[in-house]
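Colleague: The opening position of the sequence shown corresponds to residue 5 in my numbering, with each subsequent residue numbered one higher.
Backbone N, C-alpha and C fix where the C-beta goes; we use that ideal spot for every residue, glycine too.
First the structure, which I've put down as structure tokens, then a few questions once you've had a look.
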Amino acid sequence: MTTTERSPGLINDHAHLADVPAIHRLIQYWADETGDVLPRSEGEIYGTLRDFMVLRDVQDGREQIVAAGALHIEWKDLAEVKSLVVDPKQQGRGLGRVVVEALLDEAGRLGLRTVFALTTTPAFFERVGFQQAAVSSFPRKVWNECFRCPKYSNCDEVAVSIDLRDKGLRDGLLRDGPSA
Ligand SMILES: CC(C)(COP(=O)(O)OP(=O)(O)OC[C@H]1O[C@@H](n2cnc3c(N)ncnc32)[C@H](O)[C@@H]1OP(=O)(O)O)[C@@H](O)C(=O)NCCC(=O)NCCS
5 MTTTERSPGL
15 INDHAHLADV
25 PAIHRLIQYW
35 ADETGDVLPR
45 SEGEIYGTLR
55 DFMVLRDVQD
65 GREQIVAAGA
75 LHIEWKDLAE
85 VKSLVVDPKQ
95 QGRGLGRVVV
105 EALLDEAGRL
115 GLRTVFALTT
125 TPAFFERVGF
135 QQAAVSSFPR
145 KVWNECFRCP
155 KYSNCDEVAV
165 SIDLRDKGLR
175 DGLLRDGPSA
């Protein structure tokens, strides 16, 4: 659990069981409103709860989940960002970035090399360090999940990915400055 630099009341944390209804509400909101994320049942969220990070906004002792996202391991070197959602009243405050960076830190800690996402908002992911990629670069995803998706033949999502070795190098350069 860490306090973010953006606001002292914002806490970056692994999801707890009690967070599931709030995570479900945010996912359902965006699934209904724009279809930018796939709907997930509460059962699916409980089943993958250890994938989820949340941002808690704690003000005057009251706590609210303002953003959430999941990192799902696909293979020994590959994971996917899924179900990334920000409270619609809190968009554009950098919360999506905080969640993605927390998921990437987790991926780095686990020793993963590549993180990808299938998204209708590639521009957001590009702002946080991902690059567009071919969906065919992730055949396990296509074979395991996309084939079962109702939107498969009419998919509006773009693949984006980040190589964590490049990210580590970039973060090191930003921290230490380029070596002469
Ligand atoms: C997409 C989403 C996660 C972004 O979260 P957010 O907190 O509003 O985004 P941030 O404030 O962290 O933005 C980080 C950067 O991305 C940019 N950005 C955010 N949303 C963007 C969009 N839709 N298109 C282009 N750029 C975007 C921001 O301008 C910012 O750029 P900057 O670093 O140059 O200032 C959020 O809007 C959301 O929940 N959308 C609905 C669900 C969804 O689309 N989830 C992703 C599906 S995989």
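Report the rounded CA-to-CA distance for residue 183 versus residue 111, giving the unit in angstroms.
Modeller: The residue given as residue 183 occupies position 179 in the sequence shown. The residue given as residue 111 occupies position 107 in the sequence shown. Unreliable placement is indicated for residue 183, whose pLDDT of 47 sits below 50; no coordinate value is reported for it.
Colleague: Give the range of the alpha helix (DSSP H) segment to which residue 113 is assigned.
Modeller: One-based indexing of the sequence shown puts residue 113 at position 109. It spans 99-114 - the alpha helix (DSSP H) in which residue 113 sits, taken as one unbroken run.
Colleague: Ignoring anything shorter than 4 residues, give me the alpha helix (DSSP H) runs that lie fully in the region 21-66, in order along the chain.
Modeller: You should have 24-37 and 46-51.
Colleague: Just to confirm, does residue 142 get its C-beta within under 6 Å of one of the non-hydrogen atoms of ligand 1?
Modeller: Position 138 of the sequence shown, counted from the start, is the residue given in the question as residue 142. Outside the cutoff, so no.
Colleague: Looking at the secondary structure, which residues open and close the alpha helix (DSSP H) in which residue 128 lies?
Modeller: Here the question's residue 128 lines up with position 124 in the sequence shown. 126-131 is the extent of the alpha helix (DSSP H) around residue 128.
Colleague: What distance in whole Å lies between the Cβ atoms of residue 28 and residue 46, which are believed to be in contact at a cut-off of 8 Å?
Modeller: Position 42 of the sequence shown, counted from the first residue, corresponds to residue 46. Position 24 of the sequence shown, counted from the first residue, corresponds to residue 28. Contact flag correct, Cβ pair sits at about 5 Å.
Colleague: Which residues mark the beginning and the end of the beta strand (DSSP E) in which residue 135 is found?
Modeller: The residue labelled residue 135 in the question sits at position 131 within the sequence shown. Note, residue 135: beta strand (DSSP E), 135-137.
Colleague: Of the residues 95, 157, 107 and 94, which one's Cα is nearest the Cα of residue 84?
Modeller: Within the sequence shown, residue 84 is the residue found at index 80, counting from 1. Nearest of 95, 157, 107 and 94 to residue 84, Cα basis: 107.
Colleague: Please state whether the Cβ-Cβ distance between residue 59 and residue 71 is less than 7 Å.
Modeller: As a position in the sequence shown, residue 59 is number 55, starting the count at 1. As a position in the sequence shown, residue 71 is number 67, starting the count at 1. Closer than 7 Å, so yes.
Colleague: Distance check for residue 90 and residue 144, CA to CA, integer angstroms please.
Modeller: Position 140 of the sequence shown, counted from the first residue, corresponds to residue 144. Position 86 of the sequence shown, counted from the first residue, corresponds to residue 90. Cα to Cα, residue 144 sits roughly 28 Å from residue 90.
Colleague: Could you check whether the Cβ of residue 131 sits closer than 6 Å to any heavy atom belonging to ligand 1?
Modeller: Numbered from its first residue, the sequence shown carries residue 131 at position 127. Checking every heavy atom of ligand 1 against the Cβ of residue 131, one is found closer than 6 Å.
Colleague: By the 10 Å Cβ neighbour count, where 16 or more other Cβ atoms means buried, how is residue 151 classified, buried or exposed?
Modeller: One-based indexing of the sequence shown puts residue 151 at position 147. Residue 151 comes out exposed.
Colleague: In the DSSP assignment, the beta strand (DSSP E) including residue 17 goes from what residue to what residue?
Modeller: As a working note, residue 17 is residue 13 in the sequence shown. Note, residue 17: beta strand (DSSP E), 14-18.
Colleague: Taking DSSP as the reference, what is the three-state secondary structure of residue 171?
Modeller: As a position in the sequence shown, residue 171 is number 167, starting the count at 1. Note: residue 171 maps to helix in three-state DSSP.
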